DNA sequence: GCTCAAAATTTTAGGCTTGAAATATATTCA
DNA sequence: TGAATATATTTCAAGCCTAAAATTTTGAGC
């Protein structure tokens with residue numbers, strides 16, 4: 001038999017399951033909100049926003065493989081999202097000198113401008129959705145989150 | 001100008017954004033792990049598991065609309081997932097007496113049995129993935145999560 | 001009863017996501 | 001050099017997901 005919670009007497013595994021279900025529900029709630037606002041305000045999506053955010057942090061561009069690794073999504077997934085960002089004129093594919101396999105992906109000036117606008121609004125949305133989380137809690141919260149990934153994820 | 005963190009001097013909105021990004025990354029990490037294990041071990045998926053979990057808690061069955069509401073996903077989404085669970089023989093659709101519009105959805109005995117097996121393993125996976133989260137942190141953690149949804153979500 | 005709005009569900013079109021297979025290029029090393 | 005292996009990316013099939021439209025049935029008010 002595994003360890004039990006000294007307070008409630010419930011097995012730790014049940015406590016952790018409960019924590020996971022709460023975390024999932026909260027994340028889903030915030031994501032649903034953001035998705036809808038992104039759609040209504042910018043006729044865009046969260047995955048597109050995530051990709052643009054990554055590209056905005058590295059203006060010289062990223063390889064497709066770097067993008068999918070950083071975003072923790074599959075290779076083929078990124079291909080489709082970039083296709084649509086290219087269609088909208090927010091992103092360009094640039095061939096890499098000396099390696100014909102690779103493709104560098106970069107924000108266009110139009111993409112940079114649009115992202116700045118979206119990012120500012122996105123930050124306000126998060127601030128509003130999380131206005132119940134107070135400053136003194138945030139660092140503890142983030143610590144606890146990082147504990148979960150520690151020893152498991154190596155990035 | 002908005003409130004600032006008295007310690008770091010950063011605006012609260014930046015702190016909350018940072019928290020959200022950590023939360024998203026952690027949730028994605030755990031979900032990716034669970035998805036892969038569910039696929040390899042049971043040739044199944046997380047959405048299917050979530051639906052079965054909900055039905056297991058209410059053995060007399062749930063309406064399609066109740067299911068989608070509880071799971072915070074769209075109506076049409078649930079239709080497809082149930083279609084496949086019915087094909088696999090884990091779920092049945094039962095017509096509701098007195099209302100020809102509604103459909104009640106129930107686990108079959110085979111579904112109940114299968115879910116019990118999957119749920120036990122699922123709990124072990126969570127326990128393993130979260131083994132860094134200690135007991136005394138869990139309640140605080142859950143509190144903080146609930147704070148996020150408080151005042152926003154009404155369920 | 002009739003009409004019309006509301007409710008429960010499914011269908012549809014389009015985007016996201018995965019794992020696996022396919023394609024093309026680069027590298028290693030015998 | 002040439003063969004085998006590794007790397008970067010795309011394509012593919014299938015499932016997930018959404019919003020909006022369509023379908024069917026119910027219920028309310030007249």
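Chains as they are written, first to last, in the UniProt record's numbering: chain U, 1 to 155; chain E, 1 to 155.
Glycine residues also receive a C-beta, built at the ideal position from the N, C-alpha and C atoms.
All values reported here derive from a predicted model rather than from experimental measurement.
DSSP three-state call for residue i: helix, strand or coil?
{"i": "residue 105 (chain E)", "result": "strand"}
{"i": "residue 1 (chain E)", "result": "With a pLDDT of only 48 at residue 1 (chain E), under 50, the local geometry of the prediction cannot be trusted, and the value read off the model is given with reservation. If DSSP states are grouped into helix, strand and coil, residue 1 (chain E) belongs with coil."}
{"i": "residue 99 (chain E)", "result": "strand"}
{"i": "residue 147 (chain E)", "result": "helix"}
From the DSSP output, read off the bridge partner residues of residue i.
{"i": "residue 93 (chain E)", "result": "E:105"}
{"i": "residue 47 (chain E)", "result": "None; residue 47 (chain E) has no bridge partner."}
{"i": "residue 63 (chain U)", "result": "U:104"}
Does the beta carbon of residue i sit closer than 8 Å to a beta carbon anywhere in chain E?
{"i": "residue 78 (chain U)", "result": "no"}
{"i": "residue 94 (chain U)", "result": "no"}
{"i": "residue 23 (chain U)", "result": "yes"}
{"i": "residue 142 (chain U)", "result": "yes"}
{"i": "residue 67 (chain U)", "result": "no"}
{"i": "residue 138 (chain U)", "result": "yes"}
{"i": "residue 117 (chain U)", "result": "no"}
{"i": "residue 51 (chain U)", "result": "no"}
{"i": "residue 123 (chain U)", "result": "yes"}
{"i": "residue 135 (chain U)", "result": "yes"}
{"i": "residue 240 (chain U)", "result": "Summary: the structure shown does not reach residue 240 (chain U), with chain U confined to residues 1 through 155, and so no result is reported for it."}
Around the C-beta of residue i, are 16 or more other C-beta atoms found within 10 angstroms, so that it is buried, or is it exposed?
{"i": "residue 27 (chain E)", "result": "buried"}
{"i": "residue 144 (chain E)", "result": "buried"}
{"i": "residue 140 (chain E)", "result": "exposed"}
{"i": "residue 134 (chain U)", "result": "exposed"}
{"i": "residue 10 (chain U)", "result": "exposed"}
{"i": "residue 15 (chain U)", "result": "buried"}
{"i": "residue 80 (chain U)", "result": "exposed"}
{"i": "residue 51 (chain U)", "result": "buried"}
{"i": "residue 111 (chain E)", "result": "buried"}
{"i": "residue 95 (chain E)", "result": "exposed"}
{"i": "residue 138 (chain E)", "result": "buried"}
{"i": "residue 99 (chain E)", "result": "exposed"}
{"i": "residue 68 (chain E)", "result": "buried"}
{"i": "residue 40 (chain E)", "result": "exposed"}
{"i": "residue 13 (chain E)", "result": "buried"}
Say whether chain U places a C-beta atom closer than 8 Å to the C-beta of residue i.
{"i": "residue 15 (chain E)", "result": "yes"}
{"i": "residue 148 (chain E)", "result": "yes"}
{"i": "residue 45 (chain E)", "result": "no"}
{"i": "residue 126 (chain E)", "result": "yes"}
{"i": "residue 75 (chain E)", "result": "no"}
{"i": "residue 113 (chain E)", "result": "no"}
{"i": "residue 55 (chain E)", "result": "no"}
{"i": "residue 27 (chain E)", "result": "yes"}
{"i": "residue 105 (chain E)", "result": "no"}
{"i": "residue 145 (chain E)", "result": "yes"}
{"i": "residue 88 (chain E)", "result": "no"}
{"i": "residue 18 (chain E)", "result": "yes"}
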